[in-house]
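A.B. asks: To convert, note that position 50 of the sequence shown is 60 in our numbering; the numbers rise steadily by one, no gaps.
A virtual CB, placed ideally from N, CA and C, is assigned to each residue, including glycine.
Keep in mind that this is a model prediction, so the values were computed, not measured.
Quick one: structure below, then a few questions.
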Amino acid sequence: MKLSHIILLVIAAVGIGVVVSLYGDTTSYVGFDGAKNIAKDDPDKQVHVLCTLDESKAIEYNPKIDANYLVFHAIDSLNVGSKIVYHHPKPSEMGKGGSKILLIGKYKEDHFLADDIKSKCPSKYEEAPE
């Protein structure tokens, strides 16, 4: 074999190794039931849950007592609800009706522990009236 062929094979093997290693670290998009099941097998694996705020239940947030403690309820795309605990300040977009919420975190005992919340208000993406 030529040296150039050996170098190309080594580069290809390294590339495949990088892709395989990155695949194992990716997070999954699941519902709350899926997050519970994943937590049973791997309690530290983070998942993404796309949901909406459950407006029938109150949001617990009192910045005077603890600005880094937020509790609310959400409903995922499969219509399954869950309690969400977030140990950061309340996002400014939280509570605006009709917005989708992307939760990034893991399921713990009786609640979803969110490490990050990304919300998008649908009106932000509507075309401006002419």
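Kindly list the residues whose CB is nearer than 6 Å to the CB of Ala77, restricted to its own chain and excluding five residues on each side of it in sequence; keep chain order.
C.D. replies: Contacts found: Pro99.
A.B. asks: Assign His121 to one of three DSSP states: helix, strand, or coil.
C.D. replies: DSSP places His121 in strand when its eight states are reduced to three.
A.B. asks: Once DSSP output is grouped into helix, strand and coil, what is the label at Val59?
C.D. replies: In this structure, Val59 counts as strand in the three-state DSSP scheme.
A.B. asks: Given this structure, state the Cα-to-Cα distance separating Ile75 from Ala22, to the nearest angstrom.
C.D. replies: Those two C-alpha atoms are separated by around 56 Å.
A.B. asks: Where DSSP assigns a beta bridge to Gly115, which residues make up the other side?
C.D. replies: According to DSSP, which records beta bridges pairwise, Gly115 is partnered with Val57, Ala124.
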